[in-house]
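Heads up, the thing below is written out as structure tokens.
Protein chains: 2
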Amino acid sequence: MAVLHNDTFLRALLKQPVDYTPVWLMRQAGRYLPEYRATRAKAGSFLELCHNTELATEVTLQPLERFKLDAAILFSDILTVPDAMGLGLHFVEGEGPRFTHPLQHEQDIVHLQVPDMSRLRYVFDAVSSIRQALNGRIPLIGFSGSPFTLACYMVEGGGSRDFRLLKTMLYQRPQLLHKILDINAQTVTAYLNEQIASGAQAVQIFDTWGGILSDAAFQEFDLFYLRQVVSGLQREADGRQVPVIVFTKGGGQWLEQLAALEVDALGVDWTVNLQQARQQVGQRVALQGNLDPLALFGNPESIACEVKRLLAGYGAGSGHVFNLGHGINQFTDPEMVKYVVDEVHRLSVGYHQN
Amino acid sequence: MAVLHNDTFLRALLKQPVDYTPVWLMRQAGRYLPEYRATRAKAGSFLELCHNTELATEVTLQPLERFKLDAAILFSDILTVPDAMGLGLHFVEGEGPRFTHPLQHEQDIVHLQVPDMSRLRYVFDAVSSIRQALNGRIPLIGFSGSPFTLACYMVEGGGSRDFRLLKTMLYQRPQLLHKILDINAQTVTAYLNEQIASGAQAVQIFDTWGGILSDAAFQEFDLFYLRQVVSGLQREADGRQVPVIVFTKGGGQWLEQLAALEVDALGVDWTVNLQQARQQVGQRVALQGNLDPLALFGNPESIACEVKRLLAGYGAGSGHVFNLGHGINQFTDPEMVKYVVDEVHRLSVGYHQN
Numbered sequence: 001m002a003v004l005h006n007d008t009f010l011r012a013l014l015k016q017p018v019d020y021t022p023v024w025l026m027r028q029a030g031r032y033l034p035e036y037r038a039t040r041a042k043a044g045s046f047l048e049l050c051h052n053t054e055l056a057t058e059v060t061l062q063p064l065e066r067f068k069l070d071a072a073i074l075f076s077d078i079l080t081v082p083d084a085m086g087l088g089l090h091f092v093e094g095e096g097p098r099f100t101h102p103l104q105h106e107q108d109i110v111h112l113q114v115p116d117m118s119r120l121r122y123v124f125d126a127v128s129s130i131r132q133a134l135n136g137r138i139p140l141i142g143f144s145g146s147p148f149t150l151a152c153y154m155v156e157g158g159g160s161r162d163f164r165l166l167k168t169m170l171y172q173r174p175q176l177l178h179k180i181l182d183i184n185a186q187t188v189t190a191y192l193n194e195q196i197a198s199g200a201q202a203v204q205i206f207d208t209w210g211g212i213l214s215d216a217a218f219q220e221f222d223l224f225y226l227r228q229v230v231s232g233l234q235r236e237a238d239g240r241q242v243p244v245i246v247f248t249k250g251g252g253q254w255l256e257q258l259a260a261l262e263v264d265a266l267g268v269d270w271t272v273n274l275q276q277a278r279q280q281v282g283q284r285v286a287l288q289g290n291l292d293p294l295a296l297f298g299n300p301e302s303i304a305c306e307v308k309r310l311l312a313g314y315g316a317g318s319g320h321v322f323n324l325g326h327g328i329n330q331f332t333d334p335e336m337v338k339y340v341v342d343e344v345h346r347l348s349v350g351y352h353q354n
Numbered sequence: 355m356a357v358l359h360n361d362t363f364l365r366a367l368l369k370q371p372v373d374y375t376p377v378w379l380m381r382q383a384g385r386y387l388p389e390y391r392a393t394r395a396k397a398g399s400f401l402e403l404c405h406n407t408e409l410a411t412e413v414t415l416q417p418l419e420r421f422k423l424d425a426a427i428l429f430s431d432i433l434t435v436p437d438a439m440g441l442g443l444h445f446v447e448g449e450g451p452r453f454t455h456p457l458q459h460e461q462d463i464v465h466l467q468v469p470d471m472s473r474l475r476y477v478f479d480a481v482s483s484i485r486q487a488l489n490g491r492i493p494l495i496g497f498s499g500s501p502f503t504l505a506c507y508m509v510e511g512g513g514s515r516d517f518r519l520l521k522t523m524l525y526q527r528p529q530l531l532h533k534i535l536d537i538n539a540q541t542v543t544a545y546l547n548e549q550i551a552s553g554a555q556a557v558q559i560f561d562t563w564g565g566i567l568s569d570a571a572f573q574e575f576d577l578f579y580l581r582q583v584v585s586g587l588q589r590e591a592d593g594r595q596v597p598v599i600v601f602t603k604g605g606g607q608w609l610e611q612l613a614a615l616e617v618d619a620l621g622v623d624w625t626v627n628l629q630q631a632r633q634q635v636g637q638r639v640a641l642q643g644n645l646d647p648l649a650l651f652g653n654p655e656s657i658a659c660e661v662k663r664l665l666a667g668y669g670a671g672s673g674h675v676f677n678l679g680h681g682i683n684q685f686t687d688p689e690m691v692k693y694v695v696d697e698v699h700r701l702s703v704g705y706h707q708n
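Residue numbers (my numbering), protein chains in the order written: chain A, 1 to 354; chain B, 355 to 708.
Encoded structure:
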């Protein structure tokens, strides 16, 4: 493996001294980039893009040609996992993901199993290919959905406004949901470990829907399984620590509990006050975030103002990875993305002068 | 005016001793009730229902015939206010509210004015009519959207998934948004005062979209104007205090700042831990909430369990009004609503024995 030239991102996650605050952006390879849209058109569909090692590598690297990002993230989708379990993932244009075989009845669930990881070979191949293509330039992040977030889609059969089917199961048949979550936790653990073995240098667990749960349900149906996954992860590869990031959207009020997971960093959405969050989590974890993705619809002055506010909010010292508080909006102007990345680098130097 | 027979709700909001925890449910008069659907069909449309004093009174009282609720809430819509400002409210079947003249350009905004309250006469007439029909049975709650929440719809021209137009204005042209918010705050203040003068015995400000803001933007564009409104409210009528409730959905992390408003109570959504929330707000305000609306899709056992958990979470003493953490889902079984109301009454007595 090539020597890693820029390890600022990995060091910040481990709260080791850095020269500036590293930055990457959730969904940095995506529809807001014309070159992404061109590659996707070439692939035929989003899923074919995920399945094609060469093209997945290509789109992962596209934003690095434009922006001085400090990490790359595997181009893939969190729903590859339930697809490998046989749920039949497909995308309905303009409506998002759908499963042919959602888990809505007991008989759908009793047969659910941890899939053979060979069914996700294409993901691990993409990880290897991207790692090789990066050639030590910056680290590669692998990822998975959280057990609970995956279960949301698996039960609903797609996205949902109110997650009524999921919640009905949660309140009426909690043991069925626990069965799904248990299988998901085992699967996610194996999936992330295989990504790490294939070359991922850090991993992020996207807990996109934790924030729809009541406080009590969050503990029982989400946090518990996050802990299962985190405790099963391979935390070292090539003699170097592999940091683990958990991002619960809408999880600002559970930061202390999330910080008690054995993770290295927590992602926080844009509603969180970074200064208060740092006080809450103390020395336990680094923080990643949390610019409002829609702040990129401002102008250079307003963006500089927001970047300054967030850097000042976290304050001096390592342990902050700059990111958005959620994925880039597809209508974002790439020029504003370039501006934010450069401003983070320029303005953060003063917070790392020891 | 008739003597108020059941003032448990008003007393709980003021943290005065009560015999049991009072309960009402956001959107308790609504589509989940067959009798509501019948009246709405008779009215012709949702807006005609809001405009018709007799029918608005009828639907407000419908849930009281089924459930032992401790408060009634005016049947109306938060968007009556921008409609009175000339934005042209209409509803597109299956898509929700739309404005014919949204506020997307400077020239739309410079002419915006506090509307003459006579344009909202139909709302105040409904308040008077409902108050009379209640005949002292339980108190009547008036309401308004918050200045920020109204601005979301006014700028977007309807609902939105990402509030891109609103956020673009917020970041690029903050002074335009401040102008709207200033007008909204003046209007909401006058609107609620007129409801109070017409017979509302408590008022709730629905800040449905505060939770989409970054921490910094929440302070500047939402909290500031909530304070404006609250400070301008008439807090007494008929020699009795008129309690003020603010409900910011997704505002769990701003409870301390919200509690510093001169309000009597804060509504909290279902993600909030009620015990921690009570510790955070201390003696300053009562709390209203916060059953997951989807918990009503459980069974009697799971509902009883959730009710117990919330009552125990708040603990002994006055200052808790039981409610959902958001409006009733339209597919809710009315039998489960009856069950939850009765369980709150039955199980809460033990928390009020001094």
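By construction, the Cβ of each residue, glycine as well, lies at the ideal position given by its N, Cα and C atoms.
Because the structure is a prediction, the values reported are computed rather than measured.
With DSSP collapsed to three states, give me the class of residue i.
| i | result |
| --- | --- |
| B/Gln486 | helix |
| A/Val341 | helix |
| B/Ala591 | strand |
| A/Val242 | coil |
| B/Asn677 | strand |
| A/Asp207 | strand |
| B/Ile432 | coil |
| A/His178 | helix |
| A/Ile196 | helix |
| B/Ile682 | coil |
| A/Phe163 | coil |
| A/Leu261 | coil |
| B/Ile492 | coil |
| A/Leu112 | coil |
| A/Pro147 | helix |
Residue i touches chain B at which residues, Cβ-Cβ below 8 Å?
| i | result |
| --- | --- |
| A/Gln172 | Phe651, Gly652, Asn653, Ser656 |
| A/Trp24 | Those do not exist, as A/Trp24 stays about 19 Å from chain B at its closest Cβ, beyond 8 Å. |
Below 9 Å on C-beta distance, what does residue i contact in chain A?
| i | result |
| --- | --- |
| B/Phe453 | Here the premise fails: no neighbours, minimum Cβ distance about 21 Å. |
| B/Asn677 | Per Cβ cutoff of 9 Å: no residues; B/Asn677 is ~14 Å from chain A at best. |
Once you ignore the five residues that flank residue i on each side, which residues in its own chain have a CB closer than 7 Å to its CB?
| i | result |
| --- | --- |
| A/Ala190 | Val114, Met117 |
| B/Leu364 | Pro493, Gln555, Ala556, Pro597 |
| A/Leu69 | Val23, Trp24, Gln28, Pro63, Ile138, Val341 |
| B/Thr602 | Asp561, Gly564, Gly565, Trp608, Leu612 |
| B/Phe572 | Gly564, Trp608 |
| A/Ala133 | Thr57, Leu61 |
Which chain A residues are close to residue i, counting only those with a beta carbon under 8 Å from its beta carbon?
| i | result |
| --- | --- |
| B/Thr522 | Leu294, Phe297, Gly298 |
| B/Asn683 | Asp162, Arg164 |
| B/Val626 | Asp215, Gln253 |
Give a yes or no on whether 8 Å exceeds the smallest Cβ distance from residue i to chain A.
| i | result |
| --- | --- |
| B/Asp696 | no |
| B/Asp437 | no |
| B/Ala570 | yes |
Based on Cα-Cα distance, which residue from the options lies nearest to residue i?
| i | options | result |
| --- | --- | --- |
| B/Gln630 | B/Gly667, B/Val598, B/Arg663 | B/Gly667 |
| B/Gly681 | B/Asp623, B/His674, B/Leu535, B/Thr414 | B/Asp623 |
| A/Glu65 | A/Ala217, A/Ser45, A/Gly88, A/Tyr36 | A/Tyr36 |
| A/Ala197 | A/Gln241, A/Ala217, A/Gly158 | A/Gln241 |
| A/Glu95 | A/Ala304, A/Leu61, A/Gly298, A/Gly159 | A/Gly159 |
| A/Leu47 | A/His352, A/Ala71, A/Glu93 | A/Glu93 |
| A/Leu192 | A/Leu170, A/Pro147, A/Met169 | A/Pro147 |
| B/Ser656 | A/Phe75, A/Met169, A/His5 | A/Met169 |
| A/Ala316 | A/Arg278, A/Arg284, A/Glu106, A/Asp264 | A/Arg278 |
| B/Val698 | B/Phe685, B/Gln684, B/His674 | B/His674 |
Determine the chain A residues that contact residue i at a beta-carbon separation under 7 Å, and present them in chain order.
| i | result |
| --- | --- |
| B/Arg385 | The premise fails here: B/Arg385 is roughly 13 Å from chain A at the closest Cβ pair, so nothing lies under 7 Å. |
| B/Arg365 | Neighbours of B/Arg365 on chain A: none; closest Cβ ~27 Å, over 7 Å. |
Should residue i be flagged as near chain B, meaning a C-beta pair shorter than 8 Å?
| i | result |
| --- | --- |
| A/Asp333 | no |
| A/Gly211 | yes |
| A/Arg309 | yes |
With a threshold of 6 Å on Cβ separation, who are the neighbours of residue i within its own chain once the five nearest residues in sequence on each side are excluded?
| i | result |
| --- | --- |
| B/Thr393 | Leu409, Glu412, Val413 |
| A/Arg119 | Ala84 |
Which bits of chain B does residue i rub up against, with CB to CB less than 7 Å?
| i | result |
| --- | --- |
| A/Gly252 | Gln607 |
For residue i, which residues of its own chain have a beta-carbon under 8 Å away from its beta-carbon, when the five flanking residues on both sides are left out?
| i | result |
| --- | --- |
| B/Asp373 | Thr362, Val703, His706 |
| B/Leu387 | Gln416, Pro417, Arg420, Pro688 |
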